[in-house]
Structure formats: C-alpha cells, structure tokens
Amino acid sequence: MISVYMKFLFTNLSSIFVRFKKSAMESFIDILGERITKAIEEFYQSGDMSSSIQLQRTRKEFKGDITLVVFPLLRLSKKSPEETGLEIATCLKEKIPEIRNYNIVKGFLNIELDTYFWKDVLSGFFKNEITDFLSKNGKIFVVEYSSPNTNKPLHLGHIRNNLIGFSISRILQSSGHKVIKVNIVNDRGIHICKSMLAWMKWGQGETPESAGTKGDHLVGDYYVKFEQEYKKQVDALVESGVDREQAMKEAPLIQEAQELLRKWEINDTETWALWEKMNGWVYDGFDETYKALGVDFDKIYYESETYKLGRSIVLEGVKNGVFQKREDGSVWADMRDQGLDQKVLLRSDGTSVYITQDLGTAHERYQDYHFDKHIYVVGNEQNYHFQMLIKLLDKMGFPWAHNLYHLSYGMVELPSGKMKSREGTVVDADDLIEEMIRTARTMSQELGKLDDYTSEEKENIFRIIGLGALKYFILKVDPKKNMLFDPVESVDFNGNTGPFIQYTYTRICSLSRKAKEQSLEPFLSDNIIPVEKEVELIKLISQYPETVESAGNELNPSLIANYVYELAKEYNQYYHDFSILSAETEEIRKYRLLLSRVVGNIIESGMWLLGIEVPERM
46 MISVYMKFLF TNLSSIFVRF KKSAMESFID ILGERITKAI EEFYQSGDMS SSIQLQRTRK
106 EFKGDITLVV FPLLRLSKKS PEETGLEIAT CLKEKIPEIR NYNIVKGFLN IELDTYFWKD
166 VLSGFFKNEI TDFLSKNGKI FVVEYSSPNT NKPLHLGHIR NNLIGFSISR ILQSSGHKVI
226 KVNIVNDRGI HICKSMLAWM KWGQGETPES AGTKGDHLVG DYYVKFEQEY KKQVDALVES
286 GVDREQAMKE APLIQEAQEL LRKWEINDTE TWALWEKMNG WVYDGFDETY KALGVDFDKI
346 YYESETYKLG RSIVLEGVKN GVFQKREDGS VWADMRDQGL DQKVLLRSDG TSVYITQDLG
406 TAHERYQDYH FDKHIYVVGN EQNYHFQMLI KLLDKMGFPW AHNLYHLSYG MVELPSGKMK
466 SREGTVVDAD DLIEEMIRTA RTMSQELGKL DDYTSEEKEN IFRIIGLGAL KYFILKVDPK
526 KNMLFDPVES VDFNGNTGPF IQYTYTRICS LSRKAKEQSL EPFLSDNIIP VEKEVELIKL
586 ISQYPETVES AGNELNPSLI ANYVYELAKE YNQYYHDFSI LSAETEEIRK YRLLLSRVVG
646 NIIESGMWLL GIEVPERM
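Numbering (the working numbering), first residue to last: 46 to 663.
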C-alpha cells in the first residue's frame, strides 16, 4: 500500500506538472534538482550549488532513470568520482523517498526511481490532455514549403518537401508558436517559357479537358517535349562542328524560348494570355495533389509578383552603393568578403534572376508577419543559394536577415539514380498516391475486417492506410539525410511502417469498444502496483513531451516518427504478454485499459504531428 507521505507527494507532483504544463518527469527533475542541491549543500556545508548540479536522463545502456554528473562536485568532496558518487547517493537515498536504487559508473550517479512515481506519471497523462505537457513559447514562425515550378507536376521530391514542411508546422504549433504556412510558386522564367513554346508548336490547341488529363501533367508533358526536341537540335549542331556549349546557346528552340521570356517581361498581351491559361491548368492540378496529400497553406506567394519588389530592392542597393552596375547594364553583388562569390542580380537586359524574387519575397513576408523565424524547407542542392540570400539581405542592412533559416533536406533518389524532370524520369506524386491507396486496398481486403463497412467507408480507410504508409516512410528518415525511395519497401506493411503504428491504434480502439460493451471504464486504483514491463512502457510514455520539444528545436519530424514506432512496438509486446480485458481482476482490467488508452492517445497525437491520420478500424 502507498504511504500517507507518498500520497501527499504524488498529489502535489500532479498539481505541479499541470500548473506548469510539464510532464511529471520534467517536473520531478526540477524538484529532484532542488532537493539534491539542498542535500549536497547541507552535506558538504557549502554555499549555493545550483550551478553545479547537472541532471539528465540515464542513457539506455545503463540502468537508471536520472543521472547526476558527479565531476563538478569533486572540488567539494576531495575524493575520487566513485567515492563521491557513493557518498552523495547514500545521502540522497535517505532524504528522497522517490529514489528506489542507484548505481555508479565512473563519474555518473544513475538514480532509479520508485515504481509509485511511474504510476503517478501514467495518471497524469490520463487525466490531462496530451498537449498540456508540451511547452508553450509563442514566437512567430513562417514556414515555406512546396515551392513548385509551373512547368511540371509534383513528384516524389515535392512529396518529401511538403510532408516535412507541413509536419514541422504542426510540431511548432503544438509548442505554442504562431505558424504561417506559405508557398512560393515559381511561375515565371525560362523553364515556364519552354513549356509554353512547346505547346505553341505541337499542342494543336490541346487542353486538359480534351486530353483527359490533369493540367499540371499536360504542361509537364510539353516541358519534356521541349527538352527532347532541344536536345536533337543541340546534337545536330555538335555533329556539324559547333562546340556543345555554344550549340546549347545557338539552338533555335532555346533562342525562341528566351524571346518568349523577353515578351513576357515587357507584358506582351498574347504571351501573357497563354501564360495565364497554362498556369491556370497547373494550379488546378496542384490543388488536387495538395488535397490528396493532406497539406495546405495559409498564403501563397507568386514569383511573378515578388520579383518586381526584388528588382526594386536591387536597384535601391545600386543607388546606395551596396551593389554595382557594370558597363553592359547588369547588376552584381561582390560577396567575396563574405566567403562567397560575385553574384549577378539583374541581367544586362534588365531581366531578373532567381535570387531576385527571393529578395523580394523575404522582404514582403517580413512586412506581412514580422516573424521571429523564417524557415525555408528546400533541398540541399540550394545550400549555396540560401547562404547568398541571407548574406545579401544582411549586407543591405535588414536586421531580420539573421532570422532566416534554410532547412536543407536531402534528396530523394531511386534505385536507378536521381530523378530528372526534363527527361521525364520521376516518380509522379499523383501516381504514387494512387499506388499506395491501391496497395492498402488489397491488403485490407485480404484481412477481411471491413466487410460490414460501406464502399465509401472502406475507400476512406484505404486512403488513410495508403497515405499513412507513404508519409511515415518519408518522415521516419532524418530530413538532413538523403534517402532512397524503394517502391517495394514503401508498400511493406510490416515492421517500422505507418500501417503497423495505425494497426496498433486500431487494436487499442477495439479494446475500448469491447470494454464499453462490458461497462468497463479505465481507472487506476491505489492498490495497483505496475510490473516491470508496465514501468518500462510508462517510462517511454514520459518521453513524449521532450521528444516533441526536441523535434521542434531540431526541426526533425523523424524524432517523433521513430518514437511513436518504438511506443507501438513496446505496446504490442505488452499486449502479447499480458491479458487486458481478461485479466484476473476487474481492478487490473481497468488499469490495463487505462494504460492502453494513454498509449493510444500518444500515438494519435504523434501521428497527427506527422500529418498522418489513424483509423479506428482497418
């Protein structure tokens, strides 16, 4: 039985972590730190020791829950780390009843907490909303992701980009930040003109309706067509004796595309009409893909609008002597003193380059939101670009330039190598989504657990499972790492996969339904003493808030993805080893139902942060 003192202790501990929106573990570390400080001050008869007390979670390879770093205390003990650790441990064991045991490894005192403490942790997670345990900060974040070009449909690389950006936005929101999700559509430039020119030459008035295809796919087909014909022209010139680099400049198609861009820049009526029509096709296609993928934006910016502001900023920089205009009329920034190169900002004909619009977009966003942090979710191939962008803005005297951050994520590669849009060798986003749903449909039909569902209900669950598999496969990899997309592995519904986690959640939902039929409600009585396997599961539960906090600090959704998998895996082992609804007493059944419910709540919360739905049945 729990003592009167322990009841008092845990009751107050519970109120502490609710009041300060902390988990019991975090609150206890604070309390333990205060008690250890006081105990050591009394033991060594020293002054304020708070700066010398270093507490951390015990590493997995050692037994314990909290580790005290002994080294800073050696100046007081005048003894070896092991002797000092033993001396302090003996003192703490007498004064702090929550300490069950301890061990000393060199200069580290590993403290094992009492079972009743972990029982209180479980109670706290059941009585309060999961979000109550997440820290609240309240800064303004702008998160840019997607950033598509209107000359092609979204592909697998875009999927990784969108999923990372959307998940990071949710993770930051969960920590109390105001997050503005933005997209910049690259809707102007030579690549757009290539698709337009190809349609003019070979389209014969074709539309998405007449072709029976999505608009972004249709426009993308003409981009590939341009590159195919352009390559033929370049090869022909090379065969006639022209240097390849020169041939790429002299080929008639590229010169026509450049002329089309010039016409667009001077607002030629016919050019703009075609540009608006073809971009409209693409936007409709993008919207379908975004909806299917389950991502959205608070505001969409367009390069065709922001490049003008960027251009004016560059010209102002020339006026102030920050940038230099050369004899041919081009404008350059000399960034060699910043460890970078010289960078053209306006071409000799006055047209803008890619970084020009980013200057304008960054300035406009700061005016719109006065952000504390602006995160660009963009592949690592653009590392130099963003180094240049931030240093350019800083050189121009914008104090918020240091608040810009490039989340440089790794490229997605196929077993056959890199994807290339101009060659049409990409994994199309729409095709991939359909394939994942189709695979989920086949798997679920084989299990036969949805036979009493309507066709509409079944299709919704197939969608949830298929997208869960895709999203989890992408997000479980650290964003900074390159990843290999293996289609065979991505549809494996066993092991470290989204469907495995989703199935764990449905298993817990099934328990809840059966418990309700038995009029059984989750409850944790004073008589319950968690066994070792349950304590280990509760310890894992306690790590959820700090995992979310770390994911937000590191902008790394994979921390949450892999945590949720570990939790699901541990719970499934527990489910296999212990009876829940058929346990020996009603008291134990209610307790194990409560433990299951808490695990389910955390799985649901973690998967939501990843942008993944969890079905109640599958």
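Even for Gly, the Cβ is constructed at its ideal location relative to N, Cα and C.
Distance cut-off 7 Å: leucine 569 Cβ against heavy atoms of the ligand FAD: In the structure on display, the ligand FAD does not appear, and there are no ligands present to speak of.
By Cβ distance below 6 Å, which residues in the same chain neighbour glycine 130 in space, the five residues on each side in sequence not counted? Cβ within range, chain order: Val115, Ile149, Leu154.
Cutting at 7 Å between CB atoms, please list the residues of its own chain near threonine 351, excluding the five before and the five after it. Only Gln402, Gly405, Thr406, Glu409 meet the Cβ criterion.
Going by other Cβ atoms of all chains shown within 10 Å of its Cβ, with 16 needed for buried, is histidine 621 buried or exposed? exposed
Nearest to serine 397 by CA position, among Asp386, Thr487, Gly374, Phe416, is which residue? Gly374
Start-end ranges of the beta strand (DSSP E) lying completely within the stretch 377-463, minimum 3 residues: 387-391, 418-424, 449-454
Given a cut-off of 8 Å, decide if glycine 152 and proline 126 are closer than it, judged by their beta-carbon atoms. yes
Below 8 Å, can you find three or more Cβ-Cβ pairs linking the stretch 502-510 to the stretch 647-655? no
Neighbour-count burial assignment, arginine 28, 16 or more Cβ in a 10 Å radius: An answer regarding residue 28 cannot be provided, because it is not within the stretch 46 to 663 covered by the chain.
Taking buried to mean at least 16 other C-beta atoms within 10 Å of its own C-beta, is aspartate 232 buried or exposed? buried
Expressed to the nearest angstrom, what Euclidean distance is found between the alpha-carbon atoms of asparagine 182 and glutamate 591? 14 Å
Between the C-alpha atoms of glutamate 315 and arginine 392, what's the straight-line distance to the nearest angstrom? 24 Å
Integer Cβ distance of phenylalanine 211 from isoleucine 420, believed to fall under 8 Å: So it is not a contact: roughly 12 Å between Cβ atoms.
With H, G and I counted as helix, E and B as strand and the rest as coil, what does DSSP make of asparagine 194? strand
Those residues which DSSP pairs with lysine 370 across a bridge: Val376
Would you tell me roughly how many angstroms separate the C-alpha atoms of aspartate 473 and arginine 356, rounded to the nearest one? If I take the Cα positions, the gap works out to 34 Å.
What does DSSP give as the partner residue(s) for valine 150 in the beta ladder? Phe153
Would you tell me roughly how many angstroms separate the C-alpha atoms of lysine 66 and leucine 640, rounded to the nearest one? Residue confidence for lysine 66 is low, a pLDDT of 45 falling below 50, so the modelled location carries little weight; the figure read from the coordinates is stated next. Answer to the nearest angstrom: the Cα atoms are 21 Å apart.
Which one or two residues does DSSP pair with leucine 345 in a beta bridge? First, the amino acid is wrong: residue 345 is isoleucine here, not leucine. Looking at the DSSP assignment, isoleucine 345 forms a beta bridge with Asn228.
Can you look up methionine 94 in the DSSP assignment and give me helix, strand or coil? Three-state result, methionine 94: coil.
Can you tell me whether serine 587 is buried or exposed, with buried defined as 16 or more other CB within 10 angstroms of its CB? Label assigned to serine 587: buried.
Length of the line joining the Cα atoms of isoleucine 400 and glutamate 372: 21 Å
Residue burial classification, asparagine 448 (beta-carbon count within 10 angstroms, cutoff 16): buried
Could you name the residues that DSSP lists as bridge partners for isoleucine 144? Leu158
In chain order, what residues of the same chain have a beta carbon less than 6 Å from the beta carbon of serine 220, not counting five sequence neighbours either side? Counting only Cβ-Cβ distances below 6 Å, and skipping sequence neighbours, we find Leu179, Ser180, Asn182, Gly597.
What distance in whole Å lies between the Cβ atoms of isoleucine 478 and leucine 515, which are believed to be in contact at a cut-off of 8 Å? 7 Å
Unbroken stretches of the alpha helix (DSSP H), 4 residues or longer, contained in the stretch 533-583: 543-562
Should the stretch 117-124 be called in touch with the stretch 134-144, which here means at least 3 C-beta pairs below 8 Å? Cβ pair count under 8 Å is below three, so no.
Less than 8 Å between the beta carbons of valine 580 and tryptophan 163, yes or no? yes
Whether leucine 520 touches proline 444 by CB criterion (8 Å): no
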